[in-house]
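Trainee: Take this structure, written in structure tokens, and hold onto it; I'll ask about it next.
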Amino acid sequence: FIGGTSDKPAPITDREADAILSRVEEGSQRPRPKVLFEVGEVVRVVEGPFKDFNGVVEEVNYDKSKLRVSVLIFGRSTPVELEFGQVEKA
């Protein structure tokens, strides 16, 4: 049941349920990113607090569209989690 009140839920039609389910399925089939990253590749951070830093890709998570990049901060290599849109290939 969706809608109504907590003590009197209102049923939805089969058509409404199918529309909801199709939207859920569409969301799970996200398009792959335009740029593919590889472990060991050098990238440049273009957005966020580490903007203009270069780093080396340590891990790629295509499901979450995130990278773990090792960035040199104050002379120490530090792993940073970034979204694909925050980096570009160096």
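Using this note's numbering, you'd call the opening residue of the sequence shown number 318 and step up by one each time.
Every residue gets a Cβ at the ideal spot worked out from N, C-alpha and C, and that includes glycine.
(1) Is Glu375 near Arg385, with beta carbons less than 7 Å apart?
(2) Looking at C-alpha atoms only, which residue of Gly357, Leu353 and Pro366 is the closest neighbour of Phe401?
(3) May I ask you to report which of helix, strand or coil DSSP gives Leu338?
(4) For Glu333, name the three-state secondary structure that DSSP assigns.
(5) If we call anything under 7 Å between Cβ atoms a contact, is Gly365 one with Val388?
Mentor: If we stick to the structure as given:
(1) Numbered from 1 along the sequence shown, position 58 holds the residue referred to as residue 375. Numbered from 1 along the sequence shown, position 68 holds the residue referred to as residue 385. Taking 7 Å as the Cβ cut-off, Glu375 and Arg385 qualify as a contacting pair.
(2) The residue you call residue 401 lines up with position 84 of the sequence shown. Here the closest residue by C-alpha is Leu353.
(3) By one-based count along the sequence shown, residue 338 stands at place 21. In this structure, Leu338 counts as helix in the three-state DSSP scheme.
(4) Position 16 of the sequence shown, counted from the start, is the residue given in the question as residue 333. Three-state DSSP puts Glu333 in a helix.
(5) Within the sequence shown, residue 365 is the residue found at index 48, counting from 1. Within the sequence shown, residue 388 is the residue found at index 71, counting from 1. In this structure, Val388 does not lie closer than 7 Å to Gly365 by Cβ.
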